[in-house]
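Number 99 in the numbering used here belongs to position 74 of the sequence shown; there are no gaps in the numbering.
Please read the structure below before turning to the comments.
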Amino acid sequence: MSFVPIYHARVVISSSWREVFPFEVIPPLFSPDIASRIIGFTPFLNPQNIHQHKYLRHQEVLEYLRQNQAENLPWVAIDDIPEHYPPDSPVVAIDDYNGFDQNSAKVLSEYLT
């Protein structure tokens, strides 16, 4: 599977961080090259309907894409809980203790090139 070149990749945060911090606080937590690519947060799903979704973060990603008329664009998630996505989803699973490391970077680069 081939995705957009890494220099075109944009970042959307789907994390519990979005529940605690305003958007302006998040980009500076990343390196400058990543921070400049962060374009938003995934939306919160309707609390009355979230029990209907087995893969909650996946649904948030799909809703973000739908709201931004980007359903046909390639995407990849980076998550420490890959079980939030169906098995065939483009997800880079990271270790919640080590975070994004060299192994994660290698897997991500394979998706982005």
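Beta carbons: idealized from backbone N, C-alpha and C, even for Gly.
I'd like to know whether the C-beta atoms of residue i and residue j end up nearer to each other than 9 Å.
i	j	result
residue 102	residue 83	yes
residue 66	residue 38	yes
residue 52	residue 61	yes
residue 126	residue 120	yes
residue 107	residue 118	yes
Please look up how many angstroms separate the CB atoms of residue i and residue j, rounded, as I've assumed it's under 8 Å.
i	j	result
residue 98	residue 90	7 Å
residue 64	residue 36	7 Å
residue 104	residue 116	6 Å
Could you spell out the range, first to last residue, of the beta strand (DSSP E) harbouring residue i?
i	result
residue 59	Here residue 59 belongs to no beta strand (DSSP E); instead the alpha helix (DSSP H) covers 57-60.
So what does residue i bridge to, in DSSP terms?
i	result
residue 120	124
residue 103	117
residue 63	36
State the start and end residues of the unbroken alpha helix (DSSP H) segment that holds residue i.
i	result
residue 86	81-92
residue 44	42-45
Using beta carbons (cut-off 9 Å, strictly below), is residue i in contact with chain C?
i	result
residue 88	No chain C appears in the structure shown, which is made up of a single protein chain.
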